[in-house]
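Number of protein chains: 2
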Amino acid sequence: MKPPASPQKGSVLVVEDEPTLRVLLEHSLRQRGYQVSTVMDGEQALAFLETERPDVALLDWMMPGLSGLELCRIIRQKPGLKDLPVLFLTARTDEQDVIAGLDNGADDYLTKPCSTDRLDARLRALLRRTRPVQDIVTFGPLTLEPENHQVKRAGRPIALGPTEYRLLELFIHHPRKVFSRETLLERLWGPNVHVEIRTVDVHIRRLRKALNETGEADLIRTVRAAGYALDDGTISQHGPSSG
Amino acid sequence: MKPPASPQKGSVLVVEDEPTLRVLLEHSLRQRGYQVSTVMDGEQALAFLETERPDVALLDWMMPGLSGLELCRIIRQKPGLKDLPVLFLTARTDEQDVIAGLDNGADDYLTKPCSTDRLDARLRALLRRTRPVQDIVTFGPLTLEPENHQVKRAGRPIALGPTEYRLLELFIHHPRKVFSRETLLERLWGPNVHVEIRTVDVHIRRLRKALNETGEADLIRTVRAAGYALDDGTISQHGPSSG
DNA sequence: ACGGAGATGTCATGAATATTTCATGTTTCC
DNA sequence: GGAAACATGAAATATTCATGACATCTCCGT
Numbered sequence: 001m002k003p004p005a006s007p008q009k010g011s012v013l014v015v016e017d018e019p020t021l022r023v024l025l026e027h028s029l030r031q032r033g034y035q036v037s038t039v040m041d042g043e044q045a046l047a048f049l050e051t052e053r054p055d056v057a058l059l060d061w062m063m064p065g066l067s068g069l070e071l072c073r074i075i076r077q078k079p080g081l082k083d084l085p086v087l088f089l090t091a092r093t094d095e096q097d098v099i100a101g102l103d104n105g106a107d108d109y110l111t112k113p114c115s116t117d118r119l120d121a122r123l124r125a126l127l128r129r130t131r132p133v134q135d136i137v138t139f140g141p142l143t144l145e146p147e148n149h150q151v152k153r154a155g156r157p158i159a160l161g162p163t164e165y166r167l168l169e170l171f172i173h174h175p176r177k178v179f180s181r182e183t184l185l186e187r188l189w190g191p192n193v194h195v196e197i198r199t200v201d202v203h204i205r206r207l208r209k210a211l212n213e214t215g216e217a218d219l220i221r222t223v224r225a226a227g228y229a230l231d232d233g234t235i236s237q238h239g240p241s242s243g
Numbered sequence: 001m002k003p004p005a006s007p008q009k010g011s012v013l014v015v016e017d018e019p020t021l022r023v024l025l026e027h028s029l030r031q032r033g034y035q036v037s038t039v040m041d042g043e044q045a046l047a048f049l050e051t052e053r054p055d056v057a058l059l060d061w062m063m064p065g066l067s068g069l070e071l072c073r074i075i076r077q078k079p080g081l082k083d084l085p086v087l088f089l090t091a092r093t094d095e096q097d098v099i100a101g102l103d104n105g106a107d108d109y110l111t112k113p114c115s116t117d118r119l120d121a122r123l124r125a126l127l128r129r130t131r132p133v134q135d136i137v138t139f140g141p142l143t144l145e146p147e148n149h150q151v152k153r154a155g156r157p158i159a160l161g162p163t164e165y166r167l168l169e170l171f172i173h174h175p176r177k178v179f180s181r182e183t184l185l186e187r188l189w190g191p192n193v194h195v196e197i198r199t200v201d202v203h204i205r206r207l208r209k210a211l212n213e214t215g216e217a218d219l220i221r222t223v224r225a226a227g228y229a230l231d232d233g234t235i236s237q238h239g240p241s242s243g
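Residue numbers (UniProt numbering), protein chains in the order written: chain W, 1 to 243; chain R, 1 to 243.
Given below as structure tokens:
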């Protein structure tokens with residue numbers, strides 16, 4: 001089993017002939033929470049798309065056999081695939097051609113090499129554009145709008161850093177569930193990242209501070225020796241046992 | 001004392017050819033509460049897996065004979081072993097190969113040398129992932145929600161300290177069973193911890209106090225000279241020896 | 001390249017809470 | 001009654017958590 005990392009972002013079909021890059025893409029995207037399928041060329045891609053319908057396709061521009069552009073054109077003609085978002089990976093030298101190619105209705109392109117961050121951002125943008133509106137999640141007085149990356153408490157907007165946002169996102173999708181620090185590290189930071197376990201405390205504190213800015217009740221429950229949970233105070237804390 | 005090994009975390013098969021490391025792994029994992037089996041190479045591993053089904057396999061990447069990757073592939077093809085989680089131990093220099101090898105996203109890896117803490121954490125993550133959602137457990141008026149770390153009696157939330165929680169957790173999974181103090185020490189504190197036997201009494205007392213806060217019937221039965229059990233009073237206390 | 005703003009990870013410290021042990025009282029059983 | 005087993009309260013330790021400060025890093029605009 002592999003890092004399921006953050007919650008499902010969406011499914012990606014990677015079409016890339018060079019093995020090294022293909023594997024690299026597959027791995028890093030999976031790390032980021034995408035569900036990834038890979039094929040080696042355009043024909044395999046078409047075969048794959050007969051039965052599967054990924055949220056987005058990531059095509060290499062230069063490939064043996066069908067080029068990315070040709071593949072894209074074919075995709076556009078298939079009835080069920082008209083709206084499949086396509087992101088091209090191109091060498092910088094091809095840039096002019098690509099821009100020309102994008103004229104007739106392709107979606108976006110990215111010059112390689114590029115950082116995973118950049119790729120991730122671009123994929124998210126594409127998914128955001130085409131995907132049905134993501135649901136607003138709520139818990140008690142909290143609302144989280146994935147669309148805007150916006151969190152509110154009782155209607156009042158809350159400013160959160162990236163990590164705190166993802167923390168709350170995880171919490172709010174599992175109300176009241178207690179997450180150990182280890183689990184939080186794994187799900188927010190990824191499996192192969194070494195971060196002090198106590199760092200979780202710090203981010204919890206920042207999240208708390210942001211949520212309770214105006215002195216309201218704390219919504220994060222500390223469960224001693226176990227972890228943290230999003231909770232609305234209707235449940236008593238695990239109290240002291242000494243006495 | 002620190003509550004170290006929460007006993008019985010799961011069973012691990014260690015496949016490692018180098019004797020030093022194998023013994024080290026075996027020892028440290030056992031220390032942490034895993035049930036460990038070791039074999040020296042891939043063939044022994046396959047033989048072992050014919051009859052046993054560990055919760056997770058820990059494979060060395062580089063081994064004489066079958067490599068870890070080959071072994072993993074074979075495992076994946078066996079009908080009953082498809083879902084066996086596999087964790088690879090790799091040298092850092094192999095990292096690229098490993099990433100390439102973990103094609104289907106079913107596995108995970110760890111670069112050695114690594115601390116026991118790290119290994120433990122990863123194994124726990126792996127086990128957690130494959131374990132089905134934990135169910136709410138009940139006994140009489142009591143409910144225990146492992147997910148939320150929450151205990152209720154007749155719907156009323158009960159505040160418990162960490163040790164009392166684990167105590168009740170053990171009890172409620174074995175209703176009416178009498179646990180000796182020795183057993184409780186072993187299962188809650190771990191095998192190699194020296195704690196006064198009478199300390200158990202104290203925690204039992206705190207558990208009772210918390211459960212009976214509002215003056216309800218005691219749910220913990222003291223069995224003189226034997227130990228304690230979770231009981232709802234429908235069974236008569238140990239009768240006089242005269243009958 | 002440079003500097004600032006924001007974000008992140010780590011640490012030291014004090015506060016809060018848990019754990020263990022011990023002394024002593026109470027119950028049980030012969 | 002008396003011994004053994006158990007219950008209880010409280011003190012001494014030990015652990016875990018919250019918090020503020022700070023060094024580093026990244027991202028961005030100049």
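Each residue gets a CB set at the ideal place from its N, CA and C atoms; glycine is no exception.
Measuring CA to CA, which of G42/R, E50/R, V178/R is closest to R224/R?
Locating residue 224/R in the second sequence gives position 224, counting from the first residue. Cα-wise, what sits closest to R224/R is V178/R.
Residues bridged to Q150/W (per DSSP)
Along the first sequence, one-based indexing puts residue 150/W at 150. DSSP, once it has assigned bridges, lists E145/W as partnering Q150/W.
Would A217/R be called buried (16 or more neighbouring beta carbons within 10 Å of its own) or exposed?
To locate residue 217/R, count along the second sequence from 1; it is residue 217. By the 10 Å Cβ count, A217/R comes out exposed.
Complete alpha helix (DSSP H) runs within the UniProt domain "OmpR/PhoB-type" (134-232) of chain W (minimum length 4 residues, chain order):
162-173, 181-184, 199-211
Residues in the same chain with beta-carbon distance under 8 Å from G65/R, minus the five sequence neighbours each way, listed in chain order, please.
Position 65 of the second sequence, counted from the start, is the residue given in the question as residue 65/R. Hits under 8 Å: D41, G42, E43.
Would a C-beta distance cut-off of 8 Å place G161/R and R208/R closer than the cut-off?
In the second sequence, counting from the first residue as 1, residue 161/R sits at position 161. In the second sequence, counting from the first residue as 1, residue 208/R sits at position 208. It is not a contact, given that the beta carbons lie outside the stated cut-off.
What whole-angstrom Cβ distance do L21/R and L58/R have, given they're in contact under 8 Å?
As a working note, residue 21/R is residue 21 in the second sequence. As a working note, residue 58/R is residue 58 in the second sequence. In fact, because the Cβ distance is near 11 Å, the residues do not count as touching under 8 Å.
At a Cβ threshold of 8 Å, is A47/W touching chain R?
For the purposes of this step, residue 47/W is taken as the residue at position 47 of the first sequence. No, because no Cβ of chain R sits closer than 8 Å to the Cβ of A47/W.
Answer yes or no: does any C-beta atom of chain R fall closer than 8 Å to that of R32/W?
Numbered from its first residue, the first sequence carries residue 32/W at position 32. It does not; no Cβ of chain R falls within 8 Å.
Just to confirm, is the Cβ distance from A159/W to A229/W under 8 Å?
Locating residue 159/W in the first sequence gives position 159, counting from the first residue. Locating residue 229/W in the first sequence gives position 229, counting from the first residue. Against a cut-off of 8 Å, the Cβ pair of A229/W and A159/W comes out as no contact.
Compare the Cα-Cα distances from G15/R to each of R198/R, Y165/R, V56/R and report the closest residue.
In the second sequence, counting from the first residue as 1, residue 15/R sits at position 15. The question names Gly, yet the displayed sequence has Val at residue 15/R. When each option's Cα is compared against that of V15/R, the closest is V56/R.
May I have the straight-line CA-CA distance separating H194/W from D120/R, to the nearest angstrom?
Within the first sequence, the letter at position 194 stands for residue 194/W. Within the second sequence, the letter at position 120 stands for residue 120/R. Looking at the two C-alpha atoms, the distance is approximately 14 Å.
Look at L25/R and P85/R and say whether their C-beta atoms are less than 8 Å apart.
Taking the first residue of the second sequence as 1, we reach residue 25/R at position 25. Taking the first residue of the second sequence as 1, we reach residue 85/R at position 85. Taking 8 Å as the Cβ cut-off, L25/R and P85/R do not qualify as a contacting pair.
What's the call for H27/W, buried or exposed, on a 16-neighbour Cβ count within 10 Å?
Numbered from 1 along the first sequence, position 27 holds the residue referred to as residue 27/W. With 16 or more other Cβ atoms within 10 Å, it is buried.
Exposure of A45/W, with buried meaning 16 or more beta-carbon neighbours within 10 Å
Here residue 45/W is taken as the residue at index 45 of the first sequence, counted from 1. Looking at its Cβ environment, which holds 16 or more other Cβ atoms inside 10 Å, A45/W is buried.
Counting only Cβ pairs nearer than 8 Å, list the residues of chain R close to R176/W.
The residue you call residue 176/W lines up with position 176 of the first sequence. What R176/W touches in chain R: E147, N148, Q150.
Mind listing, in chain order, the continuous alpha helix (DSSP H) runs of no fewer than 4 residues lying wholly within the UniProt domain "Response regulatory" (11-127) of chain R?
19-31, 42-51, 68-77, 95-101
Report the residue from N212/W, R30/W, P146/W, R153/W whose alpha carbon sits nearest the alpha carbon of A170/W.
On the first sequence, position 170 is the one that residue 170/W refers to. Position check: residue 170/W holds Leu in this sequence, whereas Ala was assumed. For L170/W, the nearest C-alpha among the options comes from P146/W.
What is the DSSP secondary structure of R131/R, counted as helix, strand or coil?
Within the second sequence, residue 131/R is the residue found at index 131, counting from 1. In this structure, R131/R counts as coil in the three-state DSSP scheme.
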